[in-house]
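In the numbering used here, the protein residues as written are 3 to 261.
Don't be surprised by glycine CBs; every beta carbon is placed ideally from N, CA and C.
Nothing here was measured: the structure is a model prediction, and the numbers come from that model.
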């Protein structure tokens, strides 16, 4: 009886183990994001760890997180600073528009909200791609924007989940709000990214070439249409466990880690 209760394969023990992993990932993300400019590398590491969990091959949480943090520090930081500048610009535009009482400014505020929503959805795709693929900053941002529209239902789903969480915290009060804030501090970021990866994982898998055919597609540009094929991005896999791209292969055609 006791052996079954404390068996690591027991569903309860597996749930508790996963909950502990998510709490540790959340703490790691918050601590590593404190300098602000490192948020990009932290987001890449968090996405990488959660994608490994989705693949049921999570290994060691600390090792996965810091390995990805180190590998993505330079490009992750560059992409985050670009997105941070755009986000601050949208924030300032919204603040200025809010000070104008004229009804004619309402369409402008709606456009700012739409732009902000697109900003967040592109951000989610951007660091999911950065965590799994070797690419230059410009191409990764471009691919993230294209995926935002090509996979609109999944993008809207990620935005909707965030909106529900923020609305719940904003509308709750008293003890409920205190518990909600505590949850965000302990699990908020990691659980949000874990849920997002449930939506992103099938797309990431599509981008991974089959073992039988590792040749890049002839056209590496991603075309958005009603039946957009994400394989048109044309990535080529690295040899198993290889950490750095080869010198003779285009950077935007390489996979950083194999799922």
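- The alpha-carbon of residue 175 is positioned some 20 angstroms away from that of residue 189.
- Taking 8 angstroms as the upper bound for CB-CB distance, residue 153 and residue 205 are in contact here, some 6 angstroms apart.
- In terms of Cα proximity to residue 72, the closest of 120, 40, 141 is 40.
- In the three-state DSSP reduction, residue 38 falls in the coil class, being neither helix nor strand.
- Distances from the CA of residue 208 to each of 134, 196, 158, 116 were compared; the closest alpha carbon is that of 134.
- Of all alpha-carbon atoms in 112, 18, 43, 82, the one lying nearest the alpha-carbon of residue 69 is that of 43.
- Excluding residues up to 5 positions away in sequence, 201 lie with their Cβ nearer than 6 angstroms to the Cβ of residue 156 in the same chain.
- DSSP places residue 74 in the coil class of the three-state scheme, outside both helix and strand.
- Exposed is the label assigned to residue 103, since fewer than 16 other Cβ atoms lie within 10 Å of its Cβ.
- A residue is called buried once 16 or more other Cβ atoms fall within 10 Å of its Cβ, and residue 108, having fewer, is exposed.
- DSSP places residue 192 in the helix class (H, G or I) of the three-state scheme.
- Burial state of residue 178 is exposed, judged by a 10 Å Cβ sphere holding fewer than 16 other Cβ atoms.
- In the structure shown, the three-state DSSP call for residue 104 is coil.
- With respect to residue 129, residue 28 sits apart: the two C-beta atoms are not nearer than 8 angstroms.
- Taking a 10 Å sphere around the C-beta of residue 136, we find 16 or more other C-beta atoms and assign the residue as buried.
- Within 10 angstroms of the beta-carbon of residue 62 lie fewer than 16 other beta-carbons, which makes it exposed.
- Going by DSSP, residue 210 is part of no alpha helix (DSSP H) at all; its letter is neither H nor E.
- Considering only 66, 122, 163, 162, the residue with the shortest C-alpha distance to residue 146 is 122.
- With a minimum length of 3 residues, there is no unbroken run of beta strand (DSSP E) contained wholly in the region 126-180.
- When only Cα atoms are considered, residue 127 and residue 32 end up about 20 angstroms apart.
- Ranked by Cα distance from residue 124, the options 210, 150, 184 are led by 150.
- Residue 171 is positioned such that its CB atom lies no closer than 8 angstroms to that of residue 80.
- As the crow flies, the alpha-carbon of residue 198 is around 10 angstroms from that of residue 53.
- Taking C-beta atoms as the reference points, residue 114 and residue 86 fail to come closer than 8 angstroms.
- Here residue 166 is exposed, its C-beta having fewer than 16 other C-beta atoms within 10 Å.
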